[in-house]
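Engineer: In this note's numbering, the protein residues as written are 2 to 195.
Backbone N, C-alpha and C define an ideal beta-carbon position, used for all residues, glycine too.
All values derive from a computational prediction rather than experimental measurement.
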Amino acid sequence: MATKSTNKKQLLMVNHISSLSHLTANFMSARSQERGYSPQVGSAWWMARFSSTYELNQFVFQLYSSGFQGDLEAKGCQVEIHTQQRDCIEQVRALVTPEALQVSIAVNDAVEVINDAHALLNNQAFNGALVQAGDQLHWLQIESAQSSWLVLQELSEYLKADQVVHFDPKGEIVLRGDSTMRGNLLNWLSPFCK
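#1: Nearest to residue 182 by alpha carbon, out of 138, 194, 148, 170?
#2: For the pair the stretch 50-59 and the stretch 21-30, tell me if three or more CB-CB distances fall below 8 Å.
#3: Using a Cβ-Cβ cut-off of 7 Å (strictly less than) and excluding sequence neighbours within five positions of residue 13, which residues of its own chain qualify?
#4: May I have the straight-line CA-CA distance separating residue 64 from residue 93, to the nearest angstrom?
#5: What residues in its chain sit with their C-beta under 6 Å from that of residue 89, if we drop five residues either side in the sequence?
#6: So, with DSSP's three-state summary, where would you put residue 72?
#7: Where do the N-terminal and C-terminal ends of the alpha helix (DSSP H) with residue 87 fall, by residue?
#8: What does a CB cutoff of less than 8 Å around residue 79 pick up in its chain, not counting 5 residues either side in sequence?
#9: Within 10 angstroms of its Cβ, does residue 40 collect 16 or more other Cβ (buried), or is it exposed?
#10: So which of 174, 73, 67 has the shortest CA-CA distance to residue 144?
#11: In the DSSP assignment, what are the bridge partners of residue 177?
#12: Tell me, please, which residues DSSP counts as bridged to residue 81.
#13: Compare the Cα-Cα distances from residue 28 to each of 178, 193, 157 and report the closest residue.
#14: Going by Cα to Cα distance, which pick from 148, 87, 15 is closest to residue 60?
#15: Would you list the one or two residues that DSSP bridges to residue 197?
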């Protein structure tokens with residue numbers, strides 16, 4: 002999992018996850034309106050942003066010219082790439098190089114659920130874990146120039162699916178757990194904080 006702003010002026014940023022976790026693939030699939038493919042566990046995933054659509058089209062041409070087979074979703078100057086084929090992964094790596102993820106936690110707050118009706122409606126839309134009265138929730142707002150999918154991928158090493166109540170790729174994450182989990186959460190993210 003990594004991100005890079007390259008020296009090449011046309012390539013502004015590259016986000017990369019080498020192997021999608023079950024948690025990340027599940028939340029990506031739940032947001033199927035954002036992509037025309039279904040993310041698979043274990044697949045490699047990239048999101049690259051270019052300075053112009055011309056540069057993006059040149060990149061896509063190079064990729065397909067080298068025999069790429071996988072999913073490619075372009076929107077504006079941004080492209081999302083998804084593949085399980087090892088030779089295709091090497092083709093993408095030859096064109097882009099990732100570097101480490103950096104995030105900052107803008108807001109970190111804990112709440113106790115009194116009435117779970119709002120949470121039920123909110124979570125059912127995007128595969129979030131259901132909550133009950135008495136559950137303690139931890140709300141984070143992550144700020145990063147990179148994709149928040151990278152943060153969810155990192156957290157998937159520590160969290161179970163039923164602990165992630167809500168995830169929004171704009172940086173909002175709501176988790177269920179006690180104060181110990183909240184402290185652990187901040188420790189897990191601290192290596193990536195600016």
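Structural biologist: With the given structure in hand:
#1: 138
#2: no
#3: 6, 50, 51, 52
#4: Each residue's Cα considered, the two are about 7 Å apart.
#5: 69, 70, 71
#6: strand
#7: 87-96
#8: Sequence-distant partners of residue 79 (beyond 5 residues in either direction) whose C-beta falls short of 8 Å from its own C-beta, in its chain, are 48, 49, 50, 51, 57.
#9: buried
#10: Nearest to residue 144 by C-alpha distance, out of 174, 73, 67, is 174.
#11: 138
#12: 48, 74
#13: Nearest C-alpha to residue 28: 157.
#14: 15
#15: For the chain, the structure presents residues 2 to 195; residue 197 sits outside this window and is missing.
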